[in-house]
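*Asks:* Handing you a structure now.
In this note's numbering, the protein residues as written are 435 to 806.
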């Protein structure tokens, strides 16, 4: 079939118009469905790369919320407490402590302040220092720094998976934590300066110039959604040997619930925690229970024996432990699951507003009983 130059130009014009219109449509509607992506800057106080202050961080999974990033990368907290604040608590944890899937007013740090401080809010403050993907080795490496620079007087550690504590046992000593913090510091950074001079820089970063939907699409193309590893592409005829990760490999880095309790390094973990600071530490245990699997609700904690051993070891070191499991189960029994929906399973996602309220209530009750 012969196609005239006029028809060819018409086809190309329609194709270009459709491409442009479709791209603009996706671009305009993507904030409703796609999370935001931002460049990070180094903050010497936290010894970490954080989102700059005033960043509006969208989350579109297990919740529909926008988090305002505050100073030192704190999610939801836009200012530091007054210097006259009597008690300043640093809240540590991974993405479960960040709370980007709920509104700032519902985040754990905010609910803890409301529950514990009550009408005396000016004398009590909680600083959300947790970061997604971090573990106890990351947290303890920053204890001394935030105490010195931010006036922290105590630490709350939210632990949802016991494997996050195992990094402490695997490290040779607390000097490994200090080495970890130093390795994250860019060359030429003055970490001994006053806190006012340690604010993150506000130089525009290239990632902020790229539309979020483009970054999201590229990320999904390059990285495997289940493992976060770079995808392996093949451009040849099969058959191809299976690249699936075996079950034993998947679970090798986690706490095995079938291992004997004495194999869990509870005493080492407790000692490393107490060696990291001279200030009080409170460990808050809030695992992912209950979970809906098929037509069953799983209420048991597979790691109960390991936790009991850790609880005893922490108590010997004078570390307060708050077990939130009964509260989480109680909320679910009333029809309010404390965790979101993830990977097709109700209760396997991040802590939601209900979960944070349960934790804050139990921590507040413990704090109230200790003050009497």
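Every residue, glycine too, gets a C-beta built ideally from N, C-alpha and C.
According to DSSP, which residues form a beta bridge with residue 562?
*Replies:* Beta-bridge pairing links residue 562 to 525.
*Asks:* Is residue 508 helix, strand or coil when you go by DSSP?
*Replies:* Note: residue 508 maps to coil in three-state DSSP.
*Asks:* Taking DSSP's pairing of strands, which residues face residue 662 in a bridge?
*Replies:* In DSSP, residue 662 forms no bridge with anything.
*Asks:* Buried or exposed for residue 456, going by 16 or more other Cβ atoms inside 10 Å?
*Replies:* Flag for residue 456 reads exposed.
*Asks:* Where does residue 698 land, buried or exposed, given buried means 16+ other C-beta within 10 angstroms?
*Replies:* Burial call: buried.
*Asks:* Which residue marks the beginning of the alpha helix (DSSP H) containing residue 656, and which one marks its end?
*Replies:* 646-656 is the extent of the alpha helix (DSSP H) around residue 656.
*Asks:* If the criterion is Cβ atoms closer than 8 Å, does the pair residue 468 and residue 486 meet it?
*Replies:* It is not a contact, given that the beta carbons lie outside the stated cut-off.
*Asks:* Assign residue 790 to one of three DSSP states: helix, strand, or coil.
*Replies:* Helix.
*Asks:* Between residue 490 and residue 500, what straight-line distance do the alpha-carbon atoms span, to the nearest angstrom?
*Replies:* Each residue's alpha carbon lies about 6 Å from the other.
*Asks:* Do you know how far the Cα of residue 742 is from the Cα of residue 701?
*Replies:* Looking at the two C-alpha atoms, the distance is approximately 12 Å.
*Asks:* What residue range does the beta strand (DSSP E) around residue 730 cover?
*Replies:* Counting along the chain, the beta strand (DSSP E) containing residue 730 begins and ends at 730-732.
*Asks:* Would the beta-carbon of residue 569 fall within 8 Å of that of residue 601?
*Replies:* Contact: yes.
*Asks:* Using the three-state DSSP reduction, which class does residue 643 fall into: helix, strand or coil?
*Replies:* The answer is helix: DSSP assigns residue 643 an H, G or I state.
*Asks:* For the putative contact between residue 529 and residue 784, defined by C-beta atoms under 8 Å, what is the C-beta separation to the nearest angstrom?
*Replies:* Contact holds; Cβ gap of about 6 Å.
*Asks:* From this set, 492, 657, 484 and 731, which residue's C-alpha is nearest residue 563's C-alpha?
*Replies:* Checking every option, the nearest Cα to that of residue 563 belongs to 484.
*Asks:* Where does residue 455 fall in DSSP's three states?
*Replies:* Of the three classes helix, strand and coil, the one that applies to residue 455 here is helix, per DSSP.
*Asks:* What are the start and end residues of each continuous beta strand (DSSP E) run of 3 or more residues lying completely inside the stretch 452-498, in chain order?
*Replies:* Within the stretch 452-498, the complete beta strand (DSSP E) runs of at least 3 residues are 475-477, 482-484 and 490-493.
*Asks:* Could you tell me the alpha carbon to alpha carbon distance between residue 779 and residue 478, rounded to whole angstroms?
*Replies:* Approximately 39 Å, taken between the alpha carbons.
*Asks:* Pick from 521, 565 and 472: whose alpha carbon is nearest that of residue 551?
*Replies:* Cα-wise, what sits closest to residue 551 is 521.
*Asks:* Would residue 716 and residue 756 qualify as a contact pair, given that the criterion is a beta-carbon distance under 8 Å?
*Replies:* Result yes, Cβ atoms of residue 716 and residue 756 sit closer than 8 Å.
*Asks:* Pull up the distance between the alpha-carbon of residue 513 and that of residue 708, whole angstroms please.
*Replies:* Cα to Cα, residue 513 sits roughly 29 Å from residue 708.
*Asks:* Is the beta carbon of residue 801 less than 8 Å from the beta carbon of residue 758?
*Replies:* No; because the gap between Cβ atoms is not below 8 Å, this pair is not in contact.
*Asks:* Pull up the CB-CB distance for residue 723 and residue 748, whole angstroms please, since I reckon it's below 8 Å.
*Replies:* Actually they are not in contact, since the Cβ atoms of residue 723 and residue 748 sit about 20 Å apart, beyond 8 Å.
*Asks:* Taking the straight line between their C-alpha atoms, what separation do you get for residue 797 and residue 710?
*Replies:* About 22 Å.
*Asks:* Give the straight-line distance between the Cα atoms of residue 807 and residue 599, rounded to the nearest whole angstrom.
*Replies:* Lying before the first or after the last residue shown, residue 807 is absent from the chain, which here runs from 435 to 806.
*Asks:* How would you call residue 577, buried or exposed, if buried means at least 16 neighbouring beta carbons within 10 angstroms?
*Replies:* That one is buried.
*Asks:* Within a Cβ cutoff of 6 Å, which residues of the same chain sit near residue 541, ignoring the five residues on either side of it in sequence?
*Replies:* Here the set comprises 510 and 533.
*Asks:* Under the three-state reduction of DSSP, which class applies to residue 630: helix, strand or coil?
*Replies:* Confidence at residue 630 is low in this model, with a pLDDT of 45, below 50, so its placement is unreliable and the value that follows should be read with caution. In this structure, residue 630 counts as helix in the three-state DSSP scheme.
*Asks:* Assign residue 537 to one of three DSSP states: helix, strand, or coil.
*Replies:* Residue state, collapsed to three classes: coil.
*Asks:* Taking just the CA atoms, how far does residue 753 sit from residue 581?
*Replies:* Computed Cα separation, rounded: 18 Å.
*Asks:* Take residue 504 as the anchor and find which of 799, 480, 790 and 460 has the nearest alpha-carbon.
*Replies:* The shortest Cα separation from residue 504 among 799, 480, 790 and 460 belongs to 480.
*Asks:* With a threshold of 16 other CB atoms inside 10 Å of the CB of residue 664, please say whether the residue is buried or exposed.
*Replies:* Burial call: exposed.
*Asks:* What is the DSSP secondary structure of residue 708, reduced to helix, strand or coil?
*Replies:* Of the three classes helix, strand and coil, the one that applies to residue 708 here is helix, per DSSP.
*Asks:* Spell out the partners DSSP gives residue 807 in its beta bridges.
*Replies:* Since the first residue of the chain shown is 435 and the last is 806, residue 807 is not available in this structure.
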